[in-house]
Structure formats: C-alpha cells, structure tokens
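Reading through the structure tokens given below for one structure.
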Amino acid sequence: MAGCVEILRREFKRKNLGFTGVREERFCASQWRWPGWVYLTYRLVLAFYLLFWLGYTSGNFHGGKRGSGWTWGAALTNWTYALLAVYATWHLIATIIHYTQVTVNPPESSSESSSCWRRPSEDFHNALFTELNEGLYERVTEEAGGRGTSTTSARDRLDTSRPAWYLCVVWILYSAVSSFAVIVTVVYFAVLHDWTEVIDVSNLQVHAFNSLLVFLEHSVSAIPYRLLHVVYPLLYGLLYLLFSLYYWTTDHRKVVYPILDWNKPWIIAVCIISIGFVLLPLCHGFYFLLYKGRMALYRRNFLFCRV
175 MAGCVEILRR EFKRKNLGFT GVREERFCAS QWRWPGWVYL TYRLVLAFYL LFWLGYTSGN
235 FHGGKRGSGW TWGAALTNWT YALLAVYATW HLIATIIHYT QVTVNPPESS SESSSCWRRP
295 SEDFHNALFT ELNEGLYERV TEEAGGRGTS TTSARDRLDT SRPAWYLCVV WILYSAVSSF
355 AVIVTVVYFA VLHDWTEVID VSNLQVHAFN SLLVFLEHSV SAIPYRLLHV VYPLLYGLLY
415 LLFSLYYWTT DHRKVVYPIL DWNKPWIIAV CIISIGFVLL PLCHGFYFLL YKGRMALYRR
475 NFLFCRV
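Here it is in structure tokens:
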C-alpha cells in the first residue's frame, strides 16, 4: 500500500502535466533493447498498415448500409482510427529524424549504443529509464541534509529538460489515442453493434484491431505513460463532442450515434458522465498499470541478467 501511495505521490506532481524528465531516445527505442533498425522496421510496418486500412475503410464507407445521411468523417470511430494512423505516421517520421541525426551528426559521447544498426549496450539502454532508480535522488538529498549534490544536480537537469517538440507531439497523440481506441471498442461492442449481423473486415479493423494495435504499441514502446496526461484524451473527447453538436445543428436528423443524440439532452448527459468520468479514467488507468507492469517486467529481466 505504501508503495502505491508513493507512486501516486510522484505521479500527481504539476510537472507531470508536461513533458520534462524523459530522455529523447525513449521515443525512438523499444523497451526491450531492440536494434534501431528493427524498431524502425516495426514503426514502418505499423504506419503503412494503418494508412492502408484507413484508406480502405474510408473508401468502402460510401454507400454504406447505415443510410442515415452522415458522412465518414462524422463518426468517432473514424476520427480515432485516423488519429491512430496519424500517430503511427508521425512517430515513424520522428524516429527517422532521430536516427538520421545520430548517424549524420553523432554526439561527442557517441558509441555503438547510438547506432541504428547495432543493439544498444545494457548500460546505455538502462540509463534511459529513470524509473529504475525512483526515489534514489530523494534519498541522496535527505542523507545530505538538503545540501546540493552532483547527483541531484543531474536529476534537476533531467527534470527541466524537454524532448524536441515533435516528440512531445508523439507523446500527446500516444496518450489521446490509447484511451479512445479502447472506448471505441467497448462502446461499439457493448452498445452499438447489432449481434444479428455478421461483422465485416472493415468493422473489425476500426472497432477491434484498433485496440489490439494500441496494446501492441504499449507492449513494445519505451514511452512512459503519465496519469496527468489524461487531459489529452479528455480534450480530444471534448473536441468531438463539440463537433457532434455543430454537426447536429446543421440538420437535427444527423444523429451519428443513438447514445449521442442531441435531440435528447438527458442521453447526452448520461453519455458524458459514463464516458468522461467513468470509462475514460478507467481506460487511462489501465494503460498506466500496463506501463508499470512493463517496467516491472523489464526491471526483473534486467536484474536477472545482472546476477
């Protein structure tokens, strides 16, 4: 219990709303110390897979069986799948930029750890994860009686450093799409899907495989997941809510989802409360636990290998 309280104490700090305290290399590396070219190949395959299905499902939508008069771009499902494709593509570009910079203009301390073609050394890779030494700097400070030390100075520099802006965009997209991919899956299969109908491949892609791909991404990626970053999926959900209101004002017959019918305000209220205050925090909390579990597994593997 004390450990959980300490984790939450660290998480609910104002600085965790932002993007400081993380090494840039974590956005362009696998948790599991893959060689750079393997991780880059993974990013390439994921991006092109999502772009292909985004094009296929959007092209297949026209003349769809719903016949309700709303367009492909009106559905939260399609918004979220498009956001997932944008995230994967942006992350691919950011990774290419990173390895290009490392190759063309390597840092002074460059070693085989920085190469795209070799597996990073254990020491280099483990140094990326400050979570492995959580509490170390606080203990050093306390033992020093509050006096400044070189260790705390190094931690201060990390805490105030921020990744490049395009990596911050990766982090925002990562947080926003993760929770809403699961929300789309849960709401569709629990409320919207007609189980008397056979689900086709397009529906499987945007309503089921979306969450599987996000789960895969969380299993592979080294990006940390912060509880306070729940504001980003919350803002994304608010943006779609405002869009649905605007879309409805153009024609009151344009009801994309029965649970988001602006002709019935009480339904909207139930939808906002159930998704915004129950389902979204649960999904975000699930991915935070997955992140902590991933770090615990990595730590166990790291310690085992060091024995």
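Here the sequence shown is numbered in this note's numbering, starting from 175 and rising by one per residue.
From the three backbone atoms N, C-alpha and C, an ideal C-beta is built for every residue, glycine too.
Neighbourhood of residue i by C-beta distance below 6 Å, restricted to the same chain and skipping five residues each side
| i | result |
| --- | --- |
| C202 | T269, H272 |
| S418 | L434 |
| L225 | A259 |
| A248 | Y421, V430 |
| G320 | Its pLDDT being 48, under 50, G320 is placed unreliably by the model, and the measurement read from it follows with that caveat. Nothing meets the Cβ criterion. |
| A262 | L220, A221, L224 |
| Y465 | Y399 |
| K187 | none |
Nearest to residue i (by Cα), restricted to the options the options
| i | options | result |
| --- | --- | --- |
| Q205 | L220, V405, K438, P294 | P294 |
| P432 | C457, V452, E371, C445 | C445 |
| V380 | S395, F303, F363, F476 | F363 |
| L220 | R183, G233, V196, V388 | V388 |
| L413 | G467, R400, L250 | L250 |
| R197 | V429, R336, H265, L214 | R336 |
| D374 | I441, F235, A470, L191 | F235 |
| I267 | F222, T245, A248 | F222 |
| N475 | P280, N252, R207 | R207 |
| L386 | N437, L341, Y461 | Y461 |
| V394 | L471, V404, I449 | L471 |
| A301 | Y230, R200, E371 | R200 |
| M469 | L415, H403, H392 | H392 |
| Y255 | N377, A396, L191 | N377 |
DSSP three-state assignment for residue i, whether helix, strand or coil
| i | result |
| --- | --- |
| I204 | In the sequence under discussion, the amino acid at residue 204 is Ser, which differs from the Ile named in the question. Strand, per DSSP. |
| S395 | strand |
| A268 | helix |
| G192 | coil |
| G237 | Bear in mind that a pLDDT of 42 at G237, under 50, signals an unreliable position, so the number given afterwards is only what the model happens to contain. Coil at G237, not helix or strand. |
| F389 | helix |
| C457 | helix |
| K466 | helix |
| D374 | coil |
| W369 | coil |
| N384 | helix |
| N300 | helix |
| N475 | helix |
| A249 | coil |
| W211 | helix |
| R400 | coil |
| W244 | coil |
| W291 | coil |
| R197 | coil |
| F363 | helix |
Neighbour-count burial assignment, residue i, 16 or more Cβ in a 10 Å radius
| i | result |
| --- | --- |
| F193 | buried |
| P407 | buried |
| R217 | buried |
| N384 | buried |
| G467 | exposed |
| I357 | buried |
| L454 | buried |
| P398 | buried |
| I447 | exposed |
| W422 | buried |
| T451 | Here residue 451 is Phe; the residue named in the question, Thr, does not match the sequence. Classification of F451: exposed, given that the 10 Å Cβ count is below 16. |
| R183 | exposed |
| A443 | exposed |
| W227 | buried |
| C457 | buried |
| C178 | exposed |
| V404 | buried |
| R400 | buried |
| G241 | A caution first: G241 carries a pLDDT of 47, below 50, which makes its placement in the model too unreliable to give a value. |
| V372 | exposed |
| F303 | buried |
| L341 | buried |
Own chain partners of residue i with C-beta closer than 8 Å, once the 5 adjacent residues on each side are dropped
| i | result |
| --- | --- |
| L257 | L347, A350, V351, F354, Y410 |
| L463 | none |
| H290 | In the sequence as presented, His is not what sits at residue 290; that position holds Cys. Cβ within range, chain order: P209, G210, W211, L214, Y273, V276, T277. |
| N252 | T231, S232, F235, W246, V380 |
Contact set for residue i: own chain, Cβ-Cβ below 7 Å, skip 5 residues either direction
| i | result |
| --- | --- |
| H265 | R217, V344 |
| R473 | L306 |
| T359 | H381, A382, N384, S385 |
| W244 | K428, V430 |
| V365 | I433 |
| I441 | I433, D435 |
Residue i CB to nearest heavy atom of the ligand MN below 7 Å
| i | result |
| --- | --- |
| A355 | Inclusion of the ligand MN in the displayed structure is not the case, the ligand content being empty and no account of it being possible. |
(request) Entirely within the stretch 414–446 and at least 4 residues each: give me those alpha helix (DSSP H) ranges in chain order. (result) 439–445
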